[in-house]
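*Asks:*
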């Protein structure tokens, strides 16, 4: 299969981002193959080839972003395709089903993606909400972040949110400390945010 066929296969959802990466990396002509194509922000570091070989393919957002830029590349080359947007839909469904007090890390999104495989949209939303309710435990109310959510993890598992305290008497600005514990090993993490 030629490199352009591999790209089309990826954009159409018939092969994975990791497979495309391996093809690009092992193909001697691939570096020059992408010459002349630029698409911000993907090619800010120089070329599409550099973008492809520098990505973290364990990150679900990589697949979504790579599919976007590869579709643009096929357009640039004038090659017809039928884009499969299921990865983007899954990713967006997980993010939209998450509460405002939680910003899921990529490794956790990947875990949830495995949990919702084969489910219809309504079931998938319900599964995401159930997984979050089960895994992101608060001893009281969930955190009220002053900045972006920073839920803590230990060994890739969500820690239990113990609570938050005001640090206003110690700082000039509005500040909060957020305390998390791993109930299995009693490890404690804290986060300080200032507004």
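Residue numbers (my numbering): 58 to 252.
Quick reminder that beta carbons are idealized off the backbone N, C-alpha and C, glycines included.
(1) Can you have a look at residue 188 and say buried or exposed, based on whether 16 or more other CB atoms are within 10 angstroms of its CB?
(2) Based on Cα-Cα distance, which residue from 159, 69, 181 lies nearest to residue 127?
(3) Based on Cα-Cα distance, which residue from 135, 192, 203, 142 lies nearest to residue 166?
(4) Under a three-way DSSP split, which group does residue 99 fall into?
(5) Pick from 75, 62, 136, 224: whose alpha carbon is nearest that of residue 113?
(6) Since residue 185 and residue 151 are thought to touch, with beta carbons under 8 Å apart, how far apart are those beta carbons, to the nearest angstrom?
(7) Where residue 206 and residue 135 are concerned, what is the direct C-alpha to C-alpha distance, given to the nearest angstrom?
(8) Can you list, in chain order, the residues of its chain with a C-beta nearer than 7 Å to that of residue 87? Leave out the 5 residues immediately preceding and following it.
(9) Go ahead and label residue 243 buried or exposed: buried means 16 or more other beta carbons lie within 10 angstroms of its beta carbon, across all protein chains shown.
(10) From residue 170 to residue 226, what distance separates their C-alpha atoms?
(11) Per the DSSP calculation, residue 220 is bridged to which residue(s)?
(12) Quick one: which unbroken alpha helix (DSSP H) runs of 4-plus residues sit fully inside the region 152 to 216? Chain order, please.
(13) Under the rule that 16 or more other beta-carbon atoms within 10 Å means buried, what is residue 65, buried or exposed?
(14) Are the CB atoms of residue 133 and residue 90 within a distance shorter than 8 Å?
(15) Once DSSP output is grouped into helix, strand and coil, what is the label at residue 124?
(16) Pull the bridge partners of residue 248 from the DSSP assignment, please.
(17) Per DSSP, what kind of secondary structure is residue 254 in: helix, strand or coil?
*Replies:* Put simply:
(1) To locate residue 188, count along the chain shown from 1; it is residue 131. Looking at its Cβ environment, which holds 16 or more other Cβ atoms inside 10 Å, residue 188 is buried.
(2) Residue numbering aside, residue 127 sits at position 70 when the chain shown is read from its first letter. Out of 159, 69, 181, 69 has the C-alpha closest to the C-alpha of residue 127.
(3) The residue given as residue 166 occupies position 109 in the chain shown. Checking every option, the nearest Cα to that of residue 166 belongs to 192.
(4) Translated into the one-based positions of the chain shown, residue 99 becomes position 42. In the structure shown, residue 99 sits in coil (DSSP, three-state: anything other than H, G, I, E or B).
(5) On the chain shown, residue 113 is found 56 positions in, with the first residue counted as 1. Checking every option, the nearest Cα to that of residue 113 belongs to 75.
(6) The residue you call residue 185 lines up with position 128 of the chain shown. The residue you call residue 151 lines up with position 94 of the chain shown. Confirmed, about 6 Å.
(7) Residue numbering aside, residue 206 sits at position 149 when the chain shown is read from its first letter. Residue numbering aside, residue 135 sits at position 78 when the chain shown is read from its first letter. Taking the straight line joining both Cα atoms gives about 42 Å.
(8) Taking the chain shown and counting its residues from 1, the one referred to as residue 87 is at position 30. Contacts found: 60, 81, 106.
(9) For the purposes of this step, residue 243 is taken as residue 186 along the chain shown, with counting starting at 1. Exposed, since its Cβ has fewer than 16 Cβ neighbours within 10 Å.
(10) Along the chain shown, read from residue 1 onward, the residue named residue 170 stands at position 113. Along the chain shown, read from residue 1 onward, the residue named residue 226 stands at position 169. Taking the straight line joining both Cα atoms gives about 43 Å.
(11) Counting from 1 along the chain shown, the entry for residue 220 is found at position 163. Per DSSP, 236.
(12) 163 to 172, 178 to 192
(13) The residue labelled residue 65 in the question sits at position 8 within the chain shown. It is buried - the Cβ of residue 65 has at least 16 other Cβ atoms within 10 Å.
(14) Position 33 of the chain shown, counted from the start, is the residue given in the question as residue 90. Position 76 of the chain shown, counted from the start, is the residue given in the question as residue 133. Result no, Cβ atoms of residue 90 and residue 133 do not sit closer than 8 Å.
(15) Looking up residue 124 in the chain shown gives position 67. Three-state DSSP puts residue 124 in a helix.
(16) Walking along the chain shown from the start, residue 248 turns up at place 191. Looking at the DSSP assignment, residue 248 forms a beta bridge with 235.
(17) A question about residue 254 goes unanswered here, because the residues of the chain that appear run from 58 up to 252.
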